[in-house]
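Notes follow once the structure below has been shown.
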Amino acid sequence: MTRPADWSPLRGSDPTPGSPDVVAEQARRSGDVAAELRAQVSRLRRIGADEELRGEYADRLRESAEELIGDLQKVERRYARLATALRRWEPQLREGQESADRIRLRARALDDERRTLHSSAGTVGRRELPDDPTPAQQTAFDADQAAAERVRRRLEDIDDELHGLERELGTVEDRVRADGRAVGSEIRDAAADDIEDTTWEDVQGVVVEAWRVVDAFVDEHLHVLRIAM
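Under this note's numbering, residue 230 is the last one in the sequence shown; the count climbs by one each step, no gaps.
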């Protein structure tokens, strides 16, 4: 869903950017890659345990299978950790955005009311009182002054309420950023295994391609994740 573009009078831009739907989709993709890698590990283990293998290359095949299992498990953990982190982040980001959106709507309503009051402010509090007013003139003057005072006080209240909403939004923004930094740190740590992605190009192309998708996702959400990969 498209995020609101106009965040006045509280902000100049969206304080909680990002797409929970995209995060959820990336979590699903990463989980699928992890599941496929686990399936590959199971197949390799069956090869390594196959007592029916005979011939010149049987032992070499078993050794290669065991070596590959270890490396595949490392990469599987990479994607499993990424999927777990993103699954946790998706509801956090969604909740933060929903909270921010509610605050925005309240602020917009207050801003609309403020504009209306400013327009009406020019029509009240301007009545002049004659030197020797009649009771009707005095009553009209007093009512006009009271109306002007109500407008003034309400404008002050609106300013106070908007400042309160700014603080509320700041709290939400800080929480969303903290969640993003935590997930960004987990993504960075998940990528810090001792497997070079280029070594997989001849073995498991899906791993390389999937992590490139992750890189693109991180680039797109860098302003939210607050990390340097």
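From the three backbone atoms N, C-alpha and C, an ideal C-beta is built for every residue, glycine too.
Tell me the rounded alpha-carbon separation between residue i and residue j.
| i | j | result |
| --- | --- | --- |
| Arg39 | Arg189 | 22 Å |
| Glu162 | Ser100 | 17 Å |
| Asp175 | Pro131 | 57 Å |
| Thr135 | Ala148 | 20 Å |
| Ala84 | Glu77 | 11 Å |
| Gln93 | Glu26 | 15 Å |
| Gly71 | Gln41 | 11 Å |
| Lys75 | Val24 | 23 Å |
| Val173 | Ala179 | 10 Å |
| Thr117 | Ala36 | 58 Å |
| Glu150 | Ala144 | 10 Å |
| Glu68 | Arg46 | 11 Å |
| Gly32 | Ala86 | 11 Å |
| Asp133 | Asp158 | 36 Å |
Would you mind reading off the limits of the alpha helix (DSSP H) that contains residue i?
| i | result |
| --- | --- |
| Asp158 | 136-192 |
Go through its chain and collect everything with a Cβ distance to residue i's Cβ below 6 Å, but skip five positions before and after it.
| i | result |
| --- | --- |
| Val177 | Thr17, Gly97 |
| Met2 | none |
| Asp112 | Pro10 |
| Arg128 | Phe142, Asp145 |
| Arg95 | Pro21 |
For residue i, which residues from the same chain have a beta carbon less than 8 Å from its beta carbon, with the 5 sequence-adjacent residues on both sides left out?
| i | result |
| --- | --- |
| Pro5 | Asp15, Asp102, Arg105 |
| Gln139 | Leu130 |
| Arg12 | Leu170 |
| Trp8 | Ser14, Asp15, Pro16, Arg105 |
| Arg82 | Glu187, Asp190, Ala191 |
| Ala137 | none |
Leaving out the 5 sequence neighbours to the left and right, which residues in its chain are closer than 7 Å to residue i when beta-carbon positions are compared?
| i | result |
| --- | --- |
| Arg88 | Ala28 |
| Ser120 | none |
| Gln146 | Gly126 |
| Gly206 | Below a pLDDT of 50, predicted positions are generally treated as unreliable, and Gly206, at 44, falls in that range; no measurement from the model is reported. |
| Ala122 | Val152 |
| Leu156 | Arg115, Leu118 |
| Ala108 | Pro10, Leu11, Leu163, Leu166 |
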